[in-house]
Each structure stands twice: as structure tokens, then as C-alpha cells.
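For the protein sequence lines, the chains are C, X, A and G, in the order given.
Per this note's numbering, the first sequence starts with residue 13, numbered consecutively.
Per this note's numbering, the second sequence starts with residue 13, numbered consecutively.
Per this note's numbering, the third sequence starts with residue 22, numbered consecutively.
Per this note's numbering, the fourth sequence starts with residue 22, numbered consecutively.
Backbone N, C-alpha and C define an ideal beta-carbon position, used for all residues, glycine too.
Here the structure is laid out as C-alpha cells; the discussion comes afterwards.
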Amino acid sequence: MDFNFTPEEQAFREEIRAFLDAHLPDPMPEDDPDFLRLWNEKLRAKRWVGFNWPREWGGGGGDLIRQFILKEEMSARRAPALGLDFMGLTWVGPAIIAHGTKEQKAEHLEAILDGRSHWCTGYSEPDVGSDLASLQCRAVREGDEYVIHGQKIWTTSAHFASHIFMLVRTDPTVSKYKGITCLLVPMTTPGITISPIENLSGKASFNQVFFDGARTPVSNRLGAEGEGWKVVMGALANERSGISEATEMLQHLDDIRSLAKRARRGGRPALEDDRVRRRLSEMEIRVEAMRLTGLRHLTDQINGKPSGSETAINKLQRGILEFEMSELTLELLGSAAQHQGELQHEALAWHGTVIGGGSPNIQRNIIAERILGLPKD
Amino acid sequence: MDFNFTPEEQAFREEIRAFLDAHLPDPMPEDDPDFLRLWNEKLRAKRWVGFNWPREWGGGGGDLIRQFILKEEMSARRAPALGLDFMGLTWVGPAIIAHGTKEQKAEHLEAILDGRSHWCTGYSEPDVGSDLASLQCRAVREGDEYVIHGQKIWTTSAHFASHIFMLVRTDPTVSKYKGITCLLVPMTTPGITISPIENLSGKASFNQVFFDGARTPVSNRLGAEGEGWKVVMGALANERSGISEATEMLQHLDDIRSLAKRARRGGRPALEDDRVRRRLSEMEIRVEAMRLTGLRHLTDQINGKPSGSETAINKLQRGILEFEMSELTLELLGSAAQHQGELQHEALAWHGTVIGGGSPNIQRNIIAERILGLPKD
Amino acid sequence: MNFGFTEEQGFLRDAVRKFLDDRCPMAEVRRLMKTPNAHSPELWKAFAEQGSVGLLIPEAYGGAGLGWVDFVVVLEETGRTLMPSPLVSTALAALAIREAGSPAQKERWLPRFAEGSAIGTLAVLEASDLPGAEGVALVADSDGEVDVLHGEKCFVADAGCADVYVVAYRSTERSAEPSGDRAGTGVGGALRLGLVARDAPGVRVALVPSLDETRRSGTLSLDGVRIGPDARLAAADPEATLALLLDAGSIAVTAEGLGAAEGALALTVQYAKDRVQFGSPIGRFQGVKHRLADMWVDTESIKSLLYYGAWAIDERRDAVPRYASLAKAYLADAFTRIGVDCVQLHGAVGYTIEYDIQLYLKRSKWARPMFGDGDHHRDRLARLSMGNR
Amino acid sequence: MNFGFTEEQGFLRDAVRKFLDDRCPMAEVRRLMKTPNAHSPELWKAFAEQGSVGLLIPEAYGGAGLGWVDFVVVLEETGRTLMPSPLVSTALAALAIREAGSPAQKERWLPRFAEGSAIGTLAVLEASDLPGAEGVALVADSDGEVDVLHGEKCFVADAGCADVYVVAYRSTERSAEPSGDRAGTGVGGALRLGLVARDAPGVRVALVPSLDETRRSGTLSLDGVRIGPDARLAAADPEATLALLLDAGSIAVTAEGLGAAEGALALTVQYAKDRVQFGSPIGRFQGVKHRLADMWVDTESIKSLLYYGAWAIDERRDAVPRYASLAKAYLADAFTRIGVDCVQLHGAVGYTIEYDIQLYLKRSKWARPMFGDGDHHRDRLARLSMGNR
């Protein structure tokens, strides 16, 4: 066990800090697309977008430790995300690198790094819920094309995506995992319609996507027919160390501490309230546990021994934290919690985050059955 | 809804208070059997033992409201229990009143009131656990006798009981509920052996009871053959309003408040700690909710409409309270929590209370299935 | 001693349910949410005709002259269906006038409240957000006769549709007694309550967008508003009246919150029966059913505390503070947890605006701070029980 | 950066497990529980020969010269099997002498600790039960040369079998610096640490019966005990040394507690697989399996905090206070909950003395107050993070 960084790693950290000192505007322009594009170009020039992708495909060829350092430094300064096409960088690109044809790599990878594409992912379907593998969306091969009929739901960002990375059932006669295939489909394909779903804040953050005979060439298939489940499970295994989530939680904790410093409870400063102080400490404990557990996962990943429980432990800790943070925020706001506002909306938004990709109870089943060896229900 | 008491009820309350002023020694002799026997005689003279039993069988013929007042006043002064044979008064006597023959009534009821008998109850068996009705202890009829073979477990007080109120299987060929019969068996019957089970504090509070061909006359059967389940479910329905448990919890709360008043935490008086104070308030809230819910159950009982959820709600609230009280006690004790002592042992003893008669999870199943109508697992 | 509802209270519940089914189903709730005050004068008028609005107002003033236990029955039902209405606000304004108003003031407002032609509300809180006398710092300029108010009252429920505000403020004279629960907070002047009409000169209302759009609140600006002797609620001890109003508010919010919690639980139980995953309804799994059972235990426990508190308003005033705090403290945290868990048990659809469960979640966020949150009431209980022992 | 155990640490764990399987199975634990000091000199000697006792002691003094991460491996295993032993106490006494002792003091005690022929422990707490410099009020009578102690040290772990006590006290001279975490507690005199041998004149030990009978503690009475210059730990800043000792204590207790929590979880998982009710193993029901999953998440999370804290003792001293508090705060409450729930999940047998699970419950009650409970460490974290920001 050694938490020291090598001199080379320390130098890399200094390089990032110097870059941020030189280039990160203060204050940051909020939601300015021109600035974000310019920022992406600067990061691209450093090869920090797709930092751990192979250099031959435009990535940085970096290792996981440096990637961790890069993320940590960037988020400590609240710099914009490393790249513009989040889904493309996190799930789709690595899957294409692992399973894609030369043509698919040429077509998609650089576009993802440059932020010219914008991917969404189509896994969930209505009435399928947590039991992902029972998906029904059909693709039938006709000559050189797949013809797709069916529906996806909870498709984040589909309303401004350029492509969808989706799972379809190509063979309903074999076992549910075997009949699934992965396709890379442009959203402009005729036969695709999008219907936004408003979330409880009234924002359209996800969608239903309908496929009514949409046709896509067989060359848009990623991996072999019937291998889609494997391709996607591999993609989901990327980025599962939980480092990014922990970083995000650390920022929330900062925000809530600032709020606690200025808030009053029962006529005295909120920080004089023992319970408020200890709840903040409790959050600090859980955030740091998440961060360090992420580092342990990272070590496992470097050593080629992922435990398989990374996502579950992360999501459970995150669920607890999001709830506690939301409640403390609202309690600190007092009667102002009844109003609309950014803090108030964030205190509801976590409900979507925590449910995404399997409820906490599903994660508990996974741990109990796969790790503790308890019988299936 | 009316929480006022009638002038007659108020007068009854005054009568009890006057009695306690006149007769309750201060301080009370601890665990003095002579005093307890004398006290019982005084209560018997007032007909306050078996207060709601019919007068013809030696009871007080009192109504449920007066019984509530009687219990409330007695426990507010921490007077000894109303009667010496707890199981006899609470479960066995009412069952005999409801189902017993004239001879059984004459033999047992007055003995219970006088504290000459001491009943234990034999329901649980090893490997049966929460699924009580699957009990295996056999009784085979031979002429005018039942011959009993089998084993009971978790039999509280069996080691000093005079009789056991027990369930046996008389017919293994019919459905599990139908083949059960209730017997009233003297513990002196040859063929009964008792093996104490030590609890985690090293005390023998319950037992295994083995029946190796123990013979008891058919006249000791309570109710008809095969009706035992009904008899016992009726007995369990007595005293289920939860008033007594709430009263007990109120005394715990008093004790823990006294502890909090003299304890220090982190160098200051424990009551200056916001969290300690609020935890005490939280307990006050739950205890009062238990007490008032008990009164609602009492009203339902008076109106002949028990909801069937009384035990479940009581046990769940009690489980939460016992845990919280145990933890706060130990936290207030600080390092002294590591020592043996009365408070420390009480903080472990609740584990037995809460599990007795079905775990909290069994209670949750009952509520979810019977009241909310959710499907069985 | 009888801890059950009467047959009449059963009829009352049925009547309110029928009214809400007919006149304010969820589609109507969602329509009203989009209106500026989340209030429909027609619906309100009809509700008054049905009898629920004037329920607590004495028959002499055109009401039904019933008690707080009856009112709890109504509030449980309006809570269950999330009916947008100024029912609690108006009841509290009416209580203020009944307790401390002159015959003329009663004559002026109570009949109008009862018939649904006027709406009242409390304006107590200020920027300090302290739910008690210690939060009232607004001091009037006074010439001995008329109090002139310059300042703001915050978090005023139903500020936009109210016709009259019960405003708490302080006179320039020092009070003899220390003020409120906490002595020595440095707040000067004797507490006073006054009636300010919406259309009085100097009154301005700024609405604030609500997270729970079935509810509205706003800031009341008082710019030289004059409160003469005829507008002051002078017939009783203002400290005691204010304390009663806040406790009654806690009890009313607990009643509506309890109804809403039961509504959320019922929706989620139904969802757990209908939603099939891994081959069976999710309500079969203990992870779901045990959580629902715990919610039920909480709602039943809150009822016990609430009903006693409501009965105490009419029958045992000395018990009101303790039971108001017992009930509201339990409600504040349990309803919050119920709102969150019901949304989570719904899975992804719980996060959509289409499903109603999120409306209950938002209501739980509204209910928590109203008249003090859980910690506020736990602190108060600790003070009360230390005093008693 | 590498957050994993080395191969050598894996071997170490295997060796300790084998030793415990052979020499200290549960039957031996239960036998030792009934002895006055819950301590077997033979077992201790054998454990020292195996290498675990002197693990942290430098090779120059007869130890293995390994680090705290290695020690955590050992403690996890002794915790898992509830081995009764003064391992933590002796390690902390050795740390005190290593950090602040003279060469002669090291020469005298460290080799004896390493070979298992002497046992040491800390005597810091007093009746105030404050785990920090602010809890040290005992003032020596001093002639400038020899400090003479009259008073009591409470809650001294392994007091009955220890050969030497590291006693914290105060000199009659006022310290220049304010003392400890909390300035202004009115505690006078500069902090000092001294070594008191069990057989020194004036030393008396009163054992107190333990709830967790695998552990013992007692009260150390000092009746004119003389601490000369050769017995004072004078080589470093006593405030800093004491703080380090308490933080190392938190980390050691967390390591043993984590092992015990994992032991309790493993027992309960096995029980849930074996115990059949209503026709299937109870581990099939989500009410059981979800709780067990949550326990596993807690143990994994504690590991992360603990390993960093242990590493920091050897490699990054400035991070020790924060990680000691992070780890101990999590452990104190999570282990408590795990102990309680494991007993409850066992049903009625969990309450019998026959089953081992109750021993883990009692261990959790022991671990909580050691070196400060959850609230103590959360308060401390709040002070640390306010200072840092």
C-alpha cells in the first residue's frame, strides 16, 4: 500500500495546475458554448480529452493513475468536463475501441474527441425496468440492413443527440442474453421519433425514442450479432471506479458547507448546532470513503482484478449521500425550501440520478447474491 | 373523540391514588417475596387482580377504561405488577374463562389470582421459529389420557412454573392449523424435563422443555380436540392494546432522562448537546405515540372492532425505541458502557424482548400482507 | 374516554371525499397549479357551500360550529388529494379573530370567511424565519392611537389570494414580561396582533414561485400601513394568542400532511401491486413491502398524536403546545422520508412529471418548515419536558 | 499510488489466521473469557514467537520493523476471531516509547515487548472520560527532579496484565501553550508522559468486570508514585505524542473492530444460508439480504478509510488526525448497528449465550467509546475541516 505519487506523477500534477492557472477564466463563463468549444480545443491539444484512449485514435495514451490526477485537479478547480460528448467518451468510444471495425473507429472516435458527435444510449425499455436483458426492441436483418421496430425509454439527451448506441433483439428464439445485438445508429435515420419526458422539475432531460421500421446498414453493428450483451457489459465496466462520482460529491459537500456557514437555525448560526455540524462531518466521512474506495477499485483495475462490486457500492453510498445532502440543504434553507431555486431543484434532482441504472435495492441484490453468495429470490 | 374521563372514572383514579398513598412503602423493598405476597393480598381484597375478569370467578368485573386507569396509576408509581402469575393472568386465565370446563375454572382461576399457580406457555419449538403453526410436538390419545412426545423451546420461566399451557399436534393428517390441540399440564407430570437456556447476560431466563411420554388426563384439554390454534389465537388477542408496553417504555424514558441529567459529554453537561436533547425528544414522541395508539386500540376493542394490527404496530415501535434507548444509554455512559452493570445489561436485554413472538420483519410482513394487501412472498 | 371518530365524523369524511372526487380530481389540481395563486374562487365558494370552510366558525357567525377533530377529518381529505386551497390559512385567521377579536371584528370577518367570500392568513414570520414570538421584530411607529407599520412579513401562505392578514408586530412600549419561548433575544416592545386588509394603503404583495405548486406564499410589504384600535386584536393576551395560532397551525399542517402521506402510500401500494419485475409484482419483495409497512406504522402513529392535539385545542388548552410539537415533529421527518421513498419505490417513472407521486414529494418539502421543522419542535419538547419535571 | 496489500501482507494474513485457528479457536476464546485478565501468557508468548507482537518494533530492538498497514492486517484477524489479548495496548505503549523515549527506555522495554515478556498499556483517561489532553487533569507534586503522582487513571485497558503504564499527567509548571484541542478548559500545568512499572511502590490496580468479557480494563490508583527523569518520556513534544497515541489507538481499534464486524457478518451470512423458514433459507428474503448487503458496504468503506489512516502513521503524519477520526467515526456507529442487526437476524438463538454472535455484539459496545465515540470524532472533524478551509 503506497499513496505516494512518483516524481513524474507529481510533475504531471504541476503541469495541470499551471495549465489551469494560465487558461481557466475566473469567473467561468456559465453555459457558454463558444467557450466550451474553445476549452475543448485546448484540452485536445494537450491530449487530455480521451486521456486513456490509445494515441493512434487521437487519445492521450495515459495510464489510470495520471487520469485520476487529471480528473482530480480539473474538478478541484471546477473546470468544465474533460470533453464535450460525455456518453461518447465514457461508454461508446471505449466500446468502439474494443469491438469496432477500422471504419467505425475512423468514423466515430475523432468525432467524439472533438465533440462533433453527441451520443445517447438506448438500453431501457418500458415494462423492462431493472431486468435489462429482457428487452424487446426488434431488429430484423433484410439484406445489408437491419430494420428496427420498438421503443426505448429514459434515453438521456436523445433530443439533441447525433447518434444512439443501442441494444436490439436480433434473435428471440435463443436465451435472453444471447439474442441481443449492439447497433450504432445516427439519430437522423428515418423512422426514429423522439418524445421527450419531463422530469419532476419540468425539464425534458430524457426521452422515449420510437423506432418504426428505421433502417441502418449492417456495417453499423458493433461486434458480432448476438454479442450485444457482452459489448455493453464491457462498456458499463469502464469508468466504474467511482472516482468521478466521489469528485462530484465532494463539490456538493463544498456547496453545502458554504450554505451552512451563512445559514442560521433557531436564531443562531447553523454551525453552532451540534447536529448540523455532525451531519456535515458524516457527509465528509462518506464522501472520503467513496473517494478512497474508488482508489482501491482503481488499483484493482490496474492489477486487472476488478471486483465486480464497484458500481453497487458506489451507488449505495451515493444514494445515502444524495438523500442526506438534499435533506440538510432544505433544512438549512428553512422556509425558503418552499421556494423554487437552484438549491431546491438540486435537492429533488438526485431522485433521477440514484434510480438511473438500477435502484439501490437492485444493487443490494447484486452484492448479496454475487458477493455474499445468498440465494436468489 | 373524547379524552375526558367521567366523574366516576375520576373518582376511581382518586381511589387508586389514595390506596397507593396509604399502602405503597417508600422505598419499595426490592424482590422481597413476602412483601409481594402481602401486596397481592391487598390488591385481591380490592378485586384489582384480574380486574376485568368476571366477578363470579374472583375477578373485578371491571371495564377496559378502568383497567387502563388502574394500570396507568400503578405504573406511574412503579408499584409491583398487578398479580403474581403474569402468564396466568394475561393469557391462560382469559383462555380458560372463554373455553374452560367448570372444573378447569374451579381448579385454575382462583389459583392464578392468588398467585398459587405459576404458568408458562409452550408454543415455540426448535426449527419452527416464526412459523408457529408448523409445530411438531405430538400428543396421542390413549384411553382417558394424552401421551405427549416432543420438545418446546424459549419457554420463559419453565424452571419455576407449576403448569404449562401448551399446544400439541393431535392429528398430523389434516391441515397444519386444524391438527392442533391445547392442553393444561402440571409441570410435575412425570416425563417432563427442563433444560435451561442461558441468555447473553448469562441468566437462565428461558428453557427447553422435553416431553418423553408425559401423560395427562383428557380432562386437561382446553377446548375441543383440533381447536387449539383458535384457543391460542384468542388468548394472544388479549392485552394486545399495547398500553402495558407503552407504560414500560415511559419508565425507560424516565430512567434515561435521569441519566442524561447527570451525564456529561465532551466536557459539558449532556443535556447541552443538541443531539442528546433531540434524541430524548424523539423518544418522548414515539413513547407517546405508542401510548395513544394503545388508547385507540382500546377504543376499538371496546367497540368490538380490533384491527388485527395492534401487536404488529406495537412491536415495531417498540423495537425502534428499545434500540434507540439502548444506544443512547450506552453513549451517555461513555467508557463506563464497557463495564458490567444494570444499565449496561438492560441495554442488551431488549434483544430478547424484541425477538419474542415474531421478529420485526415478521410484523412487517403481517402489516404489508393483511393491511396493505400486498402479495405474499 | 373514547378515541374514535363519531358516526357524524364518518359522514363528514364521506361528504368531503365526494366533493373532492367531483370538484377537485387530480386533473383539476394540475390545472390550478398553473394559475397564479393556485386558487379557484369558484371551487372555494363551492367548498364553502359544502360546509367545510366555515366548519370551525360558530353558528352565530354563519359557520357550522364544529370542533378541531372535525376539521382534522376535512384536512386529511384535502391533504390526501392535494387540493390547492387557503383552507388552513383562513382557519387560522378565523381562530385569531375568534380568540382575540372584538365583536365588531368578528361580525365583519367570520361570516365572510364562512361563506367563502373572504380569505384570511397569518403574517408572522420575518426574514429571521423564527416560528414564534421571538421571530417578531417589526416595531410599529405609534402615536398611542394608531400603529404605523414599515417593514416586511415573509413566507406568508396564500399571500396572493388573501383579503386580510393577521399581522404580528411590536409596539414601541417595552413589554413587562419577557417575550416568547426564549427570553433575552433582545426583541423590544410588547407583541401586538392587527388585521390588515389586502386593499389598505401601503400593502404590497410579492409572490414567490413555489416548489410545491399546489401551494403559494409571498412577501407582504407594509409601507406605512396604519393599524387603528379597530384593527387591533386586543381582547386577549397577544403572546398566548400567537402561541395558540402557531400550535393550531402545526396541528393543521400535520393533518394535511398526514392525509398527503397516506395518499402517497396508497399510490405506492397500488404501484407495487401492479408493477411486475423479474416475473412478479414488486410488492412481493420484502425490500418494498417492509418499507411500505414502516410507512403505515408512521401514519398510524402520527394519527394518534394528531387527534389528541386537535381535541386539546377545544378541550384542554394546556396540553396543546406539547401535542402540537409531538405531532409536527413526527410528521415533519416521517412525511419527508415517505415522500422520498415513495418516489424511489416508483423507480424511473417516479421522477417524471406525468406521475402524481412527485407532487406528494414536493408537498412533503412544503410541510416540513411550516410552523417549525422537526428539530425546532424537538428542541421545544425538550424545553417543555425539562420545565415539567 | 497503490491501494492494495502486497504479496507479503497476504502471507502475513495467512500466517496469523493459521496461528489463530490452531491456538485460539472460539473454544479457547470462551475459556479465556472466564479467566481474571482474559489473558493467557502462554498464548501471548506463542503469538510473540509467531512474530505478530513485535511486528511494529524496530529490528534493532528485536522486532520485525514492519509498518502500521502490516499491523492492521494482524488486527483484522485478531478482531475477526475475537482473540483476547493486550495487542493494541502493547503496541501503543511501544509507540509511545519509540516516539518519545530515551535510548535507555527503548533498550529496557521494546525488546521485552517484542519477545512477549512484558505488556504495556496507556493510562490517559480520568473520571472526566475525555479522550484527549483536555482530559488529563492529574497534577504531579514535583521537586523539579521527581514527579510524585497521587490520583486515579480510569478505563485503563488491560490494566490487570500490564507490566508498564504510560501515564499522562501534568507538571506543576504552567505550560506556555494552551493545552490540547480545546483551549481554555482550565486544566493547568504542562502535559507530561511517564512510565510507571506495575511493581512500583504506590501502584494499585482495581479490575472492573467487563461487558465484553474478551476484554478487560481497570482503574489505576497512584498513591505517591514517583516518576524520576529516567521514567519520563521526554524526548519529544508530549502534546504531539499524546495526540499521536490516541489517533493510533483509534486506528488500531478500528482495525480490530472492522475484523470483528466482518466476523459477525460472515457468521450471519452463514446463518442466513442455513436457517430455513417458511420453506426457504431466510437469506432469500430481501429483508435479510439487503441488510447484509448494507453491512458489507459499510465494512468495505471502513477499510478504505482505515488503510489510508494506517499508512499515514508511517508516511504522512499530518494526515493522521483527520483519517483517524474519519475511520473511527464510521466504525463506531456502523459496528454498533452491525452487532445489533446480526443478533436480530439470528432470531431467538442470537439472544442465547451458546451462539457466538452475541460476543460480537458485546465487542461492538466495547469498541464504540475507545478513543472517542462517533460524535466525539464528528465534532473533531468539524473543527479540523473548519480550520482547513
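For S207(X), name the three-state secondary structure that DSSP assigns.
S207(X): strand per DSSP, three-state reduction.
Could you tell me whether the Cβ of Q22(X) comes closer than 8 angstroms to any Cβ of chain G?
Chain G contact via Cβ: absent.
List, in order along the chain, the chain X residues whose C-beta lies closer than 7 angstroms to that of D285(C)?
Going along chain X in sequence order, the residues near D285(C) (Cβ under 7 angstroms) are D286.
Is the beta carbon of L241(A) closer than 8 angstroms to that of L143(A)?
Their beta carbons are not under 8 angstroms apart, which means L143(A) does not touch L241(A) by this criterion.
Measuring CB to CB, does L304(C) end up less than 8 angstroms from L380(G)?
No, they are not a contact pair.
Using beta carbons (cut-off 8 angstroms, strictly below), is F306(G) in contact with chain X?
Cβ-Cβ to chain X under 8 angstroms: yes for F306(G).
Which ranges does the alpha helix (DSSP H) cover as unbroken runs of at least 4 residues, wholly within the segment 73-116 of chain A, from first to last along the chain?
Qualifying alpha helix (DSSP H) stretches, in chain order: 89-101.
Assess contact between the segment 87-97 of chain G and the segment 331-343 of chain G, defined as three or more Cβ pairs (one per stretch) separated by less than 8 angstroms. Is contact present?
These segments touch.
Using CA atoms only, rank isn't needed, just tell me which of D35(A), K39(A), I78(A) and M104(A) is closest to R51(A).
Per the Cα distances, M104(A).
By Cβ distance below 8 angstroms, which residues in the same chain neighbour K310(G) in space, the five residues on each side in sequence not counted?
A293 and G304.
Suppose you measure from the CA of S187(X) to the CA of K327(X); what does that come to, to the nearest Å?
Roughly 29 angstroms separates the two Cα atoms.
Return the residues of the segment 112-134 of chain X that lie within a Cβ-Cβ distance of less than 7 angstroms from chain G, sorted by chain order.
Cβ contacts with chain G come from no residue of the segment 112-134 of chain X.
What does a CB cutoff of less than 7 angstroms around D390(X) pick up in its chain, not counting 5 residues either side in sequence?
In this structure chain X extends from 13 to 389, so residue 390(X) is not present and cannot be described.
Between R291(C) and K190(C), what straight-line distance do the alpha-carbon atoms span, to the nearest angstrom?
Taking the straight line from one Cα to the other gives about 47 angstroms.
Going by C-alpha to C-alpha distance, which of A117(A), A403(A), A135(A) and P124(A) sits closest to S346(A)?
The shortest C-alpha separation from S346(A) is found at A403(A).
Rounded to the nearest angstrom, what separates D162(A) and L212(A) at their Cα positions?
Distance between the alpha carbons of D162(A) and L212(A): 13 angstroms.
Between T206(A) and chain X, is there a C-beta pair that is closer than 8 angstroms?
Annotation note: pLDDT 45 at T206(A) (below 50); position unreliable, coordinate value reported separately. No, no contact with chain X.
By alpha-carbon positions, which one of A355(A), V364(A) and A261(A) ends up nearest to G153(A)?
Per the Cα distances, A261(A).
Once you ignore the five residues that flank P41(C) on each side, which residues in its own chain have a CB closer than 8 angstroms to its CB?
For P41(C), where only same-chain residues beyond five positions count, the Cβ hits under 8 angstroms are F47.
Which residues does DSSP pair with K164(X) in a beta bridge?
Bridge partners of K164(X): V221(X).
Can the beta-carbon of N211(X) be found closer than 8 angstroms to that of G368(X)?
Cβ atoms of N211(X) and G368(X): not closer than 8 angstroms.
Anything in chain A within Cβ reach of H311(G), meaning under 7 angstroms, just list it in chain order.
Result: G308.
Mind checking whether the beta-carbon of P37(C) lies closer than 7 angstroms to any heavy atom of the ligand ADP?
As presented, the structure is devoid of all ligands, the ligand ADP included, so that no description of it is given.
Could you give the distance in angstroms between the alpha-carbon of E119(X) and the alpha-carbon of L234(X)?
Computed Cα separation, rounded: 13 angstroms.
Could you please give me the residues that DSSP links to P39(C) through a beta bridge?
Partner(s): none; P39(C) has no beta bridge.
Strictly under 8 angstroms for the Cβ-Cβ distance: is R290(X) near chain C by that measure?
Closer than 8 angstroms: yes.
Flag this pair as touching only if the segment 105-114 of chain C and the segment 60-67 of chain C have three or more C-beta atom pairs under 8 angstroms; answer yes or no.
Counting Cβ pairs under 8 angstroms, three or more are found: they touch.
Beta-carbon of Y292(G) versus every beta-carbon of chain C: anything under 8 angstroms?
Closer than 8 angstroms: no.
I'd like to know whether the C-beta atoms of M22(G) and D14(C) end up nearer to each other than 8 angstroms.
Contact flag set, yes.
Using DSSP with H/G/I as helix, E/B as strand and the rest coil, what is F63(X)?
Correct three-state label for F63(X): coil.
Beta-carbon within less than 7 angstroms of R203(G)'s beta-carbon, same chain only, minus the 5 sequence neighbours each way: which residues are those?
For R203(G), the predicted model reports a pLDDT of 41, less than 50, meaning its position is unreliable; a value from the coordinates is still stated below. E155, listed in sequence order.
Note down, in chain order, each residue of its chain lying with its Cβ closer than 7 angstroms to the Cβ of L76(C), except the 5 sequence neighbours on either side.
Once the five neighbours on either side are set aside, the close Cβ partners of L76(C) are N64, L310, Q313 and I314.
So which of P229(X), G254(X), E354(X) and A216(X) has the shortest CA-CA distance to E157(X)?
With distances taken between Cα atoms, E157(X) lies closest to P229(X).
Quick one: list the residues of chain A neighbouring I367(C), beta-carbon separation under 9 angstroms, in chain order.
Chain A residues near I367(C): V364, Q365, H367, G368, A369, G371 and Y372.
Can you pull the chain B neighbours of N16(X), defined as C-beta to C-beta under 9 angstroms?
This model lacks chain B altogether, as its protein chains are C, X, A and G.
Rounded C-beta distance between I78(G) and L131(G)? I'm assuming under 8 angstroms.
Yes, I78(G) and L131(G) are in contact; Cβ-Cβ is about 5 angstroms, under 8 angstroms.
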